[in-house]
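Single-structure report; data block below.
What follows is the structure in structure tokens.
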């Protein structure tokens, strides 16, 4: 006599369903980023702010228009300039950089963990900063890093 196995219940009530983030596109339509579910989103005249539900992690995006003569803006130059003046207590971990996107991680003298990234299309420069009172490996910090990675500049044609 063969035993029948119960079919696995596909909707386990204990497992929370993953929710999809929303997307924000700037009024001019050239910048977009994902907004995680339950995060506070604030837009001011100067920046975009995403704040985690606990308040321990934030992502702030500032936009600058470039006046670099005839040369295009280079994200690596701006990252070098920022890191030269940033107060930090740990060594800087740089990520792969190009002239369009450059990033680095470090911990400042107050113990706050930072990930800064410059993103450019040659004319517009974005400075995106993730700050966390804990490590950048916490679940909320990883969510913020995902939002950071979703930032796009749509080039004008």
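Residue numbers (the numbering used here): 17 to 173.
Just so you know, even glycine gets a beta-carbon here, dropped at the ideal spot from N, CA and C.
**Report entry** Pick from 54, 77 and 78 that is closest to residue 71, judged by C-alpha positions
**Finding:** By one-based count along the chain shown, residue 71 stands at place 55. Residue 54 is the option with its Cα nearest to residue 71.
Query raised in the report: If we count Cβ pairs, one from each stretch, closer than 8 Å, do we get three or more for the stretch 57 to 74 versus the stretch 136 to 153?
Result: Here the stretch 57 to 74 makes contact with the stretch 136 to 153; the two share three or more CB pairs at distances below 8 Å.
Requested in this report: May I ask you to list the residues that DSSP assigns as paired with residue 140?
Outcome: Working through the chain shown from its first residue, we reach residue 140 at position 124. BP columns for residue 140 point to 81.
**Report entry** Environment of residue 50 [buried if 16+ CB atoms lie within 10 Å]
**Finding:** One-based indexing of the chain shown puts residue 50 at position 34. Buried is the call here.
Query raised in the report: When DSSP labels each residue in this structure, what does residue 162 get in the three-state scheme?
Result: The count along the chain shown starts at 1 and reaches residue 162 at position 146. Look at residue 162 here: in three-state DSSP terms it is helix.
Report task. Leaving out five residues on either side along the sequence, give the residues of the same chain with a beta carbon under 6 Å from the beta carbon of residue 118. Result -> Numbered from 1 along the chain shown, position 102 holds the residue referred to as residue 118. The residues are 91, 92, 95 and 134.
Query raised in the report: Considering only residues of the stretch 86 to 153, which uninterrupted alpha helix (DSSP H) runs meet the minimum length of 4 residues and lie entirely inside it, listed in chain order?
Result: Correct list: 91 to 101.
Requested in this report: In the DSSP assignment, find the unbroken beta strand (DSSP E) run with residue 63 in it and report its ends.
Outcome: In the chain shown, the residue the question calls residue 63 occupies position 47. Unbroken beta strand (DSSP E) run through residue 63: 63 to 67.
Query raised in the report: Do the CB positions of residue 48 and residue 39 come within less than 9 Å of each other?
Result: Mapped onto the chain shown, residue 48 falls at position 32. Mapped onto the chain shown, residue 39 falls at position 23. Result yes, Cβ atoms of residue 48 and residue 39 sit closer than 9 Å.
Requested in this report: Pull up the distance between the alpha-carbon of residue 103 and that of residue 45, whole angstroms please.
Outcome: By 1-based counting over the chain shown, the position of residue 103 is 87. By 1-based counting over the chain shown, the position of residue 45 is 29. Cα to Cα, the separation comes out at about 35 Å.
Query raised in the report: Out of 99, 114 and 113, which has the shortest C-alpha to C-alpha gap to residue 107?
Result: As a working note, residue 107 is residue 91 in the chain shown. Residue nearest to residue 107 within the set 99, 114 and 113 is 99 (criterion: CA-CA distance).
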